[in-house]
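Numbering (the working numbering), first residue to last: 23 to 91. Ideal Cβ positions, reconstructed from N, Cα and C, are used throughout, including at glycine. Below is one structure, written out as structure tokens, with a few remarks after it.
Printed below as a string of structure tokens:
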């Protein structure tokens, strides 16, 4: 799983290419998994300046979501 850590609102981001699962852990200790996320979305997420804005506009509500904790 590829990971990115320590963003202002987001504690870490991981992506499993084989299952196309994006996992986001927030600083308020909740962790969400998004299913069926194309690798391109993860790569774009890593490259944008505002991760929170990208999350709100491109990921949140656009893919099946599972709350882990």
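Whole-Å CB distance - residue i paired with residue j, under 8 Å assumed
i	j	result
residue 64	residue 44	6 Å
Beta-carbon proximity list for residue i, same chain, < 6 Å, skipping 5 on both sides
i	result
residue 53	47, 90, 91
residue 59	42, 44, 85
residue 87	54, 56
CB contact flag (residue i, residue j, <8 Å)
i	j	result
residue 74	residue 30	yes
Spatial neighbours of residue i in its chain, beta-carbon cut-off 8 Å, leaving aside the 5 residues before and after
i	result
residue 66	76, 80
residue 70	76
Inter-residue spacing [alpha-carbon to alpha-carbon] between residue i and residue j
i	j	result
residue 51	residue 34	11 Å
**Q.** Ordered list of beta strand (DSSP E) runs contained in the stretch 29-91, each at least 3 residues
**A.** 32-38, 43-48, 53-56, 87-89
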